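Chemist: Have a look at this one before I ask anything.
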Amino acid sequence: MSETIPLAAEVRSRAGKGGARAARRAGTIPGIIYGNRQEPVMIAVNGSQLGMQLRKPGFMTHVFEIDLNGRKERVLPRDLQTDPVTGWPLHVDFMRFAADTKVTVELAVHFVNEDKAPGLKQGGVLNIVQHSIELVCRPDAIPESVSVDLTGLQLGDVIHLKGLTLPADVELGDADPNTTIASIASPTSEAAETGAAEGEASEEASA
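The sequence shown maps to residues 225 to 431 in our numbering.
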């Protein structure tokens with residue numbers, strides 16, 4: 225579970241494109257807080273702080289605490305619009321949540337202990353099929369990432385979604401539990417797959 229991160233913002237009085245442009249001219253990013261059966265609140269987020277958080281991984285899966293005139297809102301980012309050229313944020317949506325709220329998030333999969341996998345030591349190749357997976361959990365229980373332990377895996381072993389060890393109160397999304405995440409492929413089968421793919425690409429190019 226990640227920590228709650230404070231984020232400076234203020235209530236934005238002007239709505240529409242004019243209000244959004246005015247917020248950006250002042251060095252802030254227009255946004256909105258909604259959800260939990262409360263009225264939406266238009267806000268202007270500190271641009272420097274938001275930019276710093278966006279340079280870190282996992283912005284969309286971190287819980288933020290926004291202080292609005294002494295009223296603190298615990299929120300989760302749900303949408304982010306950025307400039308297609310510069311990548312600078314243009315607008316951000318935050319969602320309030322209750323204690324029983326659950327959300328669907330996509331998290332990166334990290335593979336650990338490759339040096340403890342006999343199949344890799346024998347020349348096998350880690351064939352990664354899924355680089356990220358969908359999970360369902362409370363916003364304040366979102367893990368930083370999902371780790372897959374390769375300890376003891378042999379050539380030909382396959383890792384499925386249902387074989388993952390997840391934190392308490394974290395569930396798999398709607399994907400089939402038998403979905404393959406990765407496998408330990410032999411060098412010959414990996415080369416054959418690569419060669420077949422290259423051959424298909426050549427045929428399509430010459431067609």
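Even glycine gets a Cβ: it sits at the ideal position worked out from N, Cα and C. Being a predicted model, the structure only gives us computed values, none of them experimental.
How long is the line joining the alpha carbons of Arg245 and Thr310, rounded to whole angstroms?
Modeler: Each residue's alpha carbon lies about 16 Å from the other.
Chemist: Can you check which of these residues, Ala232, Ile253 and Arg362, is closest to Asp393 by C-alpha distance?
Modeler: Considering only alpha carbons, the answer is Arg362.
Chemist: Under 7 Å between the Cβ atoms of Asp317 and Asp303?
Modeler: Their beta carbons are under 7 Å apart, which means Asp317 touches Asp303 by this criterion.
Chemist: Leaving aside the five residues before and after Leu331 along the sequence, list all residues of the same chain whose C-beta is less than 7 Å from its C-beta, in chain order.
Modeler: For Leu331, where only same-chain residues beyond five positions count, the Cβ hits under 7 Å are Thr285, Ser356, Ile357, Leu359, Pro367, Ser369 and Val370.
Chemist: Give the DSSP bridge partners of Asp317, in chain order.
Modeler: Ile256 and Asp303.
Chemist: Is DSSP giving Arg248 helix, strand or coil here?
Modeler: Correct three-state label for Arg248: helix.
Chemist: Going by Cα to Cα distance, which pick from Ile257, Ala268 and Thr325 is closest to Ser237?
Modeler: Out of Ile257, Ala268 and Thr325, Ala268 has the C-alpha closest to the C-alpha of Ser237.
Chemist: Decide if Arg249 is buried, meaning its Cβ has at least 16 other Cβ atoms within 10 Å, or exposed.
Modeler: Arg249 is exposed by the Cβ-count criterion.
Chemist: Asp398 by DSSP, collapsed to three states: which one?
Modeler: Here Asp398 sits in coil by DSSP.
Chemist: Is the beta carbon of Gln354 sitting closer than 7 Å to the one on Ile408?
Modeler: Cβ atoms of Gln354 and Ile408: not closer than 7 Å.
Chemist: Thr404 by DSSP, collapsed to three states: which one?
Modeler: Reduced to three states, the DSSP call for Thr404 is strand.
Chemist: Starting from Pro264, trace the beta strand (DSSP E) both ways and give me its first and last residue.
Modeler: From DSSP, the beta strand (DSSP E) with Pro264 extends over Gln262 to Asn270.
Chemist: With a threshold of 6 Å on Cβ separation, who are the neighbours of Glu395 within its own chain once the five nearest residues in sequence on each side are excluded?
Modeler: Same-chain partners within the cutoff: Val360.
Chemist: Relative to the C-alpha of Asp324, which residue among Leu314, Asp364, Asp307 and Asn337 is closest?
Modeler: Selected option, being the one with the closest Cα: Asp364.
Chemist: May I have the straight-line CA-CA distance separating Gln346 from Asn402, to the nearest angstrom?
Modeler: Each residue's alpha carbon lies about 26 Å from the other.
Chemist: Over what stretch of residues does the alpha helix (DSSP H) that includes Asp308 continue unbroken?
Modeler: As written in the sequence, residue 308 is Pro, which differs from the Asp given in the question. No alpha helix (DSSP H) holds Pro308; DSSP gives it neither H nor E.
Chemist: Does DSSP put Leu359 in a helix, in a strand, or in coil?
Modeler: Strand.
Chemist: Can you tell me whether Gly255 is buried or exposed, with buried defined as 16 or more other CB within 10 angstroms of its CB?
Modeler: Looking at its Cβ environment, which holds 16 or more other Cβ atoms inside 10 Å, Gly255 is buried.
Chemist: Roughly how many whole angstroms lie between the Cα atoms of Asp339 and Asp381?
Modeler: Between Asp339 and Asp381, the C-alpha separation is close to 16 Å.
Chemist: Is it true that the CB of Phe288 sits closer than 7 Å to the CB of Ile383?
Modeler: No, they are not a contact pair.
Chemist: Do you know offhand how far Ala425's Cα is from Asn351's?
Modeler: For Ala425, the predicted structure reports a pLDDT of 49, less than 50, and the residue's modelled location is therefore unreliable. The matter cannot be settled from this model.
Chemist: Per DSSP, Ile383 forms a beta bridge with which residues?
Modeler: In the DSSP output, where bridge partners are listed per residue, Ile383 has Ala406.
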